[in-house]
Amino acid sequence: MAYEFITYEKKERVAWITINRPEVMNALHPPANLELSAAWDDFAADPECWVAILTGAGEKAFSAGNDLKYTAQHGTKGITLGSGGFGGITARFDLAKPTIAAVNGFALGGGFELALACDLIVAAEHARFGLPEPRVGLAALAGGVHRLPRHIPLKLAMGMLLTGKQVTAAEAHAMGLVNEVVPAADLTGAAARWAATILECSPTSVRATKQAAMDGLGLPLQEAMSRSYPLIGALFQSEDMMEGVVAFTQKRKPQWKGR
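The sequence shown: position 175 = 174 (numbering that gives the first Met the number 0), numbered continuously.
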């Protein structure tokens, strides 16, 4: 597929997805949403690609969310997001592969929701996060109103949700929203470093771990621990599990196959 509003590259088992509309702070209109959805579909289906990094073009914004100017001009008739949700990721609950948001500037509204939908967030020092939807008569319904209270203490989440207040990268890190804050020039390298560290682990183990953690998140502890998770079952039948054991006994680096 040819992409106009994003770039999609694969390097050493890592998929790099970049929203490429810097002239509108990487806001998403329907064509951009469709391209992102296609890229996420491809990443999910590619057995050779094990980690994805999502970022935005330029230095000003990761994404300003929904392109409200486009909506004002064209209306909402006929707009569909697909099963993956906004940006192809906010409702993609079956994606067991790990995802990293490299937030290179403003992550507002739907842009913040894209980052929240990722497993890890690495942010540039000048990045800012917020859900300003109530300030324009909307609500953060692409996961923001539900994910934010699950990621940080309730009072902090409600303080952001009910006021539309923005927080800095440092504040987001202190809240536990962001894994690491780095200078803007180091953002790509930091995201790649996180991906490389994940790739040191068995991809079958990583996927099984993510599935169990996310699917068990809303369950009582006893139920979560006793529940059967498909990828956990597959893990114990995998070549990677045996490779890990053998490599450990032979004191060598394991050669993961992803199966």
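Just so you know, even glycine gets a beta-carbon here, dropped at the ideal spot from N, CA and C.
From TYR7 to MET0, what does the alpha carbon distance come to, in whole angstroms?
Using only the alpha carbons, I get a separation of about 10 Å.
How close, in whole Å, do the beta carbons of ALA122 and ILE88 come, if the pair is a contact with beta carbons under 8 Å?
Separation of the CB atoms of ALA122 and ILE88 is rounded to 17 Å, and the pair is thereby denied contact status at 8 Å.
Proximity below 7 Å, CB of ILE5 to CB of LEU35
A contact, by the Cβ cut-off of 7 Å.
For LEU53, which residues does DSSP report across the bridge?
Beta-bridge pairing links LEU53 to ILE16, ALA100.
Taking just the CA atoms, how far does LEU176 sit from LEU218?
Each residue's alpha carbon lies about 22 Å from the other.
Where does ARG20 land, buried or exposed, given buried means 16+ other C-beta within 10 angstroms?
Taking all protein chains shown into account, ARG20 has 16 or more neighbouring C-beta atoms within 10 Å of its C-beta and is therefore buried.
Is LYS252 helix, strand or coil when you go by DSSP?
LYS252: coil per DSSP, three-state reduction.
Go through the stretch 206 to 234 residue by residue and report every complete run of the alpha helix (DSSP H) that reaches 4 residues or more, in order.
Taken in chain order, the whole alpha helix (DSSP H) runs of length 4 or more contained in the stretch 206 to 234 are 220 to 225, 229 to 234.
Taking ALA126 as the reference, which of GLY104, THR196, GLU179, ALA71 has the closest Cα?
Measuring from the Cα of ALA126, the nearest candidate turns out to be GLY104.
Flag ALA189 as yes when its Cβ comes closer than 6 Å to any non-hydrogen atom of the ligand NAP, and as no otherwise.
As far as ligands go, the structure on display features none, and thus does not contain the ligand NAP.
Could you tell me the distance, in whole angstroms, from the CA atom of ARG206 to the CA atom of ALA101?
Approximately 20 Å between the Cα atoms of the pair.
Roughly how many whole angstroms lie between the Cα atoms of LEU234 and VAL244?
Straight-line Cα distance between these residues: approximately 13 Å.
Start-to-end residues for the alpha helix (DSSP H) that takes in SER36
Element bounds for SER36: 29 to 44.
Any chance the stretch 160 to 169 sits against the stretch 25 to 33, with 3 or more Cβ pairs inside 8 Å?
Contact between the stretch 160 to 169 and the stretch 25 to 33 is absent, because fewer than three Cβ pairs lie under 8 Å.
Tell me whether the beta-carbon of HIS136 lies closer than 7 Å to the beta-carbon of PRO202.
Strictly speaking, residue 136 in this sequence is Gly, with His absent from that position. For GLY136 and PRO202, no; Cβs fall outside 7 Å.
Which residue or residues does DSSP assign as beta-bridge partners of GLY129?
Its beta-bridge partners are LEU107.
State the start and end residues of the unbroken beta strand (DSSP E) segment that holds VAL23.
Here VAL23 belongs to no beta strand (DSSP E), and DSSP marks it neither H nor E.
In terms of alpha-carbon separation, which member of GLY81, MET240, SER82, HIS150 lies closest to PHE111?
Comparing Cα-Cα distances from PHE111 to each of GLY81, MET240, SER82, HIS150, the minimum goes to HIS150.
Taking only the alpha-carbon atoms, compute the straight-line gap between ALA212 and LEU94 and give it to the nearest angstrom.
Using only the alpha carbons, I get a separation of about 13 Å.
Give a yes or no on whether the C-beta atoms belonging to GLY163 and ARG134 are separated by under 7 Å.
If you check the CB distance, GLY163 and ARG134 come in under 7 Å.
For the putative contact between LYS209 and ASP118, defined by C-beta atoms under 8 Å, what is the C-beta separation to the nearest angstrom?
Yes, they are in contact, since the Cβ atoms of LYS209 and ASP118 sit about 7 Å apart, within 8 Å.
Distance between beta carbons of GLY64 and GLY108, contact taken as under 8 Å
In this structure, GLY108 and GLY64 form a Cβ contact; the two beta carbons are roughly 3 Å apart against a cut-off of 8 Å.
To the nearest whole angstrom, what separates the beta carbons of ILE18 and ALA51, a pair I think is in contact under 8 Å?
Rounded to whole angstroms, the Cβ separation of ILE18 and ALA51 is 13 Å, and the two are not in contact under 8 Å.
Alpha-carbon spacing of ALA26 relative to GLY74, whole angstroms:
ALA26 and GLY74 have their C-alpha atoms roughly 16 Å apart.
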